[in-house]
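Protein chains in written order, with the UniProt record's numbering: chain A, 1 to 274; chain B, 1 to 296. Some notes on the structure that comes next.
Spelled out as structure tokens, the structure:
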């Protein structure tokens with residue numbers, strides 16, 4: 001590609017990126033001003049005095065810290081459970097020899113197609129009977145169940161591409177199958193495991209409808225909820241509402257900034273083999 | 001080695017937890033849903049009267065909203081395939097061509113909306129499209145196009161289109177990433193061979209890149225239709241199906257039937273039809289696409 005063309009493309013991409021991210025810039029901008037400014041004619045406003053009170057409202061009345069902790073607990077537990085379960089299943093599906101493995105692999109993959117919204121109503125009844133609604137488990141269990149099929153799919157794809165020689169020598173040396181999986185296979189599949197962990201994180205962190213259905217106890221709600229809660233409480237205080245939205249988005253953006261290469265690599269690996 | 005790898009106990013320990021989760025959250029609920037769909041119960045835990053298949057009869061023969069939801073899903077899916085995907089493919093190819101630091105930077109930037117919670121996205125767009133202080137109407141006013149200002153989400157003629165725009169905006173990064181991965185998988189030699197034959201620029205990509213992307217396109221089109229069918233949160237948080245069912249979707253409809261209209265039994269019948277439709281669409285699309293690929 002010629003230099004002139006490349007510069008043109010650069011400018012074009014930059015323009016598109018500005019347009020694409022403009023709503024987010026707008027969100028941050030208006031989270032810093034008084035709600036009265038919303039009704040001015042200007043597209044963006046330059047705050048004479050930055051209204052930090054919006055963020056104080058969001059942090060204190062939005063109970064940001066409590067929801068943040070809940071989100072961290074639920075996402076963390078889901079990531080660990082999903083990784084362990086998917087890794088051991090992927091190992092059984094790719095390496096171990098048994099009669100029904102193709103069948104069960106197919107069954108698990110069905111989980112990607114079935115809409116979770118269709119299982120929402122009966123799950124609500126089941127969880128209620130089991131006493132799982134209004135507990136962390138009421139979110140961790142369904143989140144894990146939803147994450148496992150996709151994660152197993154990614155991990156089996158990756159595991160097929162790594163040579164068997166290393167684990168074979170480990171088994172020859174007398175290591176148990178469990179040690180082999182978690183001490184030999186886990187490090188070898190680390191790139192795929194990170195991809196799985198990051199996608200699982202983003203899904204749990206941002207999940208709304210299950211949290212909305214299964215949790216009614218305020219002290220157990222997760223971050224997306226703080227936005228909803230706050231919208232009711234501060235109905236006309238748009239500035240504070242926007243501040244909550246900005247605060248809620250920051251953790252996911254930070255995690256993304258750190259791991260974005262891994263997401264791309266994981267998707268690329270999956271797509272090429274898929 | 002063989003003995004270790006066919007250890008039944010180990011296989012059980014590896015597969016059972018995942019399977020148990022699957023049964024608990026997919027199989028058991030679907031069976032239960034099937035049971036409730038044959039009743040006229042109003043909420044979980046209340047009295048249960050068996051009504052046979054009457055819920056399904058009502059749903060399929062007399063319920064306009066059900067068919068309207070499917071129509072909306074189809075329109076949204078077509079919107080994804082005809083508008084979002086060509087844009088994604090175009091950007092994926094250009095991203096691959098630009099190379100260097102820019103490739104990495106723009107790939108990262110374009111994906112940012114994908115990491116933001118659907119609640120934030122929905123509420124943000126509600127504000128952006130707000131008729132009084134929304135950004136879009138302000139920009140139109142600024143450009144002197146007051147005549148185009150609109151109650152975007154509140155008018156049944158523009159609500160579905162507005163929803164499509166929100167979803168294209170928030171899903172652009174994922175589509176781009178998948179097509180980009182596909183473009184990266186095309187070996188450079190093929191381009192060189194085509195260039196020797198005199199193909200350049202748009203012609204080169206139209207003749208070489210797009211056909212070679214067809215496996216990725218096949219998967220993505222299926223996923224787009226499924227995504228359209230499964231649409232829930234964004235609708236629920238912006239229009240909640242309205243105005244006048246113009247943005248009604250199956251998942252929103254069943255949710256409101258269960259928890260607002262107290263038709264729990266009927267809502268479960270919608271759930272069962274919903275699952276059947278999703279599996280059927282996946283199956284049919286795979287069939288159609290496979291045949292097409294053979295012709296090619």
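Ideal Cβ placement from N, Cα and C applies to all residues, glycine included.
With distance defined between alpha-carbon atoms, name the residue in B/124, B/81, B/257 nearest to residue 226 of chain B. Here residue 226 of chain B corresponds to residue number 226 of the second chain, with the count starting at 1. Comparing Cα-Cα distances from residue 226 of chain B to each of B/124, B/81, B/257, the minimum goes to B/81.
4-residue-minimum alpha helix (DSSP H) runs that sit fully inside the stretch 112-175 of chain A, ordered along the chain: Complete alpha helix (DSSP H) runs here, min 4: 116-130, 137-160, 165-172.
What residues match up with residue 39 of chain B in a beta bridge as DSSP calls it? Residue 39 of chain B sits at position 39 when you count from the first residue of the second chain. According to DSSP, residue 39 of chain B bridges with B/50.
Between which residues of its own chain and residue 154 of chain A is the CB-CB distance below 7 angstroms, once the five residues before and five after are set aside? Translated into the one-based positions of the first chain, residue 154 of chain A becomes position 154. Within the same chain, and ignoring the five residues on either side of residue 154 of chain A in sequence, the residues whose Cβ sits closer than 7 angstroms to its Cβ are 192, 195, 196, 266, 270.
So the alpha helix (DSSP H) residue 114 of chain B belongs to, where does it begin and stop? Here residue 114 of chain B refers to the residue found at position 114 of the second chain. Segment: none, residue 114 of chain B is in no alpha helix (DSSP H) and carries neither H nor E.
Going by DSSP in three states, residue 213 of chain B sits in which element: helix, strand or coil? For the purposes of this step, residue 213 of chain B is identified with residue 213 of the second chain, where counting begins at 1. Note: residue 213 of chain B maps to coil in three-state DSSP.
Reducing DSSP to helix, strand and coil, say where residue 150 of chain B ends up. Here residue 150 of chain B refers to the residue found at position 150 when the second chain is read from its first residue. Coil, per DSSP.
Is the stretch 107-116 of chain B in contact with the stretch 164-183 of chain B, if contact means three or more CB pairs nearer than 8 angstroms? Yes, the stretch 107-116 of chain B touches the stretch 164-183 of chain B.
Counting C-beta neighbours from all protein chains within 10 Å, is the total for residue 201 of chain B 16 or more, i.e. buried, or is it exposed? If you number the second chain from 1, residue 201 of chain B lands on position 201. Exposed, by the Cβ-count rule.
Contacts of residue 29 of chain B in chain A (Cβ-Cβ under 7 angstroms): Taking the first residue of the second chain as 1, we reach residue 29 of chain B at position 29. Going along chain A in sequence order, the residues near residue 29 of chain B (Cβ under 7 angstroms) are 119, 122, 123, 126.
So, is the C-beta of residue 163 of chain A closer than 8 angstroms to a C-beta in chain B? For the purposes of this step, residue 163 of chain A is taken as the residue at position 163 of the first chain. It does not: the Cβ of residue 163 of chain A has no partner Cβ on chain B nearer than 8 angstroms.
Please decide whether residue 225 of chain B counts as near chain A, where near means a Cβ-Cβ distance under 8 angstroms. Start at 1 with the first residue of the second chain, and residue 225 of chain B comes out as number 225. Not one chain A Cβ lies under 8 angstroms of residue 225 of chain B.
What's the C-alpha gap between residue 243 of chain A and residue 250 of chain B? Locating residue 243 of chain A in the first chain gives position 243, where the first residue counts as 1. Locating residue 250 of chain B in the second chain gives position 250, where the first residue counts as 1. Distance between the alpha carbons of residue 243 of chain A and residue 250 of chain B: 33 angstroms.
Interface residues of chain B around residue 10 of chain A at Cβ under 8 angstroms? Residue mapping note: residue 10 of chain A aligns to position 10 of the first chain, counting from 1. Within 8 angstroms Cβ-Cβ: 98, 102.
Kindly list the residues whose CB is nearer than 6 angstroms to the CB of residue 121 of chain B, restricted to its own chain and excluding five residues on each side of it in sequence; keep chain order. For the purposes of this step, residue 121 of chain B is taken as the residue at position 121 of the second chain. The beta carbon of residue 121 of chain B is closer than 6 angstroms to those of 170 in its chain, skipping five residues each way along the sequence.
On the CB-based measure, 16 or more other CB atoms within 10 Å of its CB, does residue 49 of chain B come out buried or exposed? Walking along the second chain from the start, residue 49 of chain B turns up at place 49. So residue 49 of chain B ends up on the exposed side.
Can you name the start and end residues of the alpha helix (DSSP H) that residue 96 of chain A belongs to? On the first chain, residue 96 of chain A is found 96 positions in, with the first residue counted as 1. Here residue 96 of chain A belongs to no alpha helix (DSSP H), and DSSP marks it neither H nor E.
Which residues in chain B have a C-beta closer than 8 angstroms to the C-beta of residue 236 of chain A? List them in chain order. Against the first chain, residue 236 of chain A aligns to sequence position 236. Those do not exist, as residue 236 of chain A stays about 11 angstroms from chain B at its closest Cβ, beyond 8 angstroms.
Any beta carbon of chain B sitting closer than 8 angstroms to that of residue 277 of chain A? One cannot answer for residue 277 of chain A here, as it falls past the ends of chain A, which runs 1 to 274.
If I'm right that residue 237 of chain B touches residue 119 of chain B with Cβ under 8 angstroms, what's the distance once you round it to whole angstroms? Taking the first residue of the second chain as 1, we reach residue 237 of chain B at position 237. Taking the first residue of the second chain as 1, we reach residue 119 of chain B at position 119. A Cβ-Cβ separation of about 6 angstroms places residue 237 of chain B in contact with residue 119 of chain B under the 8 angstroms criterion.
Quick one, which residues of the stretch 56-76 of chain B are near chain A if we go by CB-CB under 9 angstroms, in chain order? Shown here is that no member of the stretch 56-76 of chain B has a Cβ falling below 9 angstroms from a Cβ of chain A.
C-alpha gap between residue 230 of chain A and residue 163 of chain A, whole angstroms: In the first chain, residue 230 of chain A corresponds to position 230, counting from 1. In the first chain, residue 163 of chain A corresponds to position 163, counting from 1. Roughly 52 angstroms separates the two Cα atoms.
For chain B, find out if any of its Cβ atoms is closer than 8 angstroms to the Cβ of residue 96 of chain A; answer yes or no. The residue given as residue 96 of chain A occupies position 96 in the first chain. Yes, residue 96 of chain A lies at the interface with chain B (some Cβ there is under 8 angstroms from its Cβ).
Looking at the C-beta of residue 208 of chain A, does it have a partner C-beta in chain B at a distance below 8 angstroms? Locating residue 208 of chain A in the first chain gives position 208, counting from the first residue. When Cβ-Cβ separations below 8 angstroms define contact, residue 208 of chain A makes contact with chain B.
Are there 16 or more other CB atoms within 10 angstroms of the CB of residue 181 of chain A, so buried, or fewer, so exposed? Stepping through the first chain from its first residue, residue 181 of chain A is reached at position 181. Residue 181 of chain A is classed as buried because its beta carbon has at least 16 other beta carbons within 10 Å across all chains shown.
Given residue 289 of chain B as reference, the closest of B/214, B/264, B/248, B/261 once Cα atoms are compared: If you number the second chain from 1, residue 289 of chain B lands on position 289. Nearest option by C-alpha distance: B/214.
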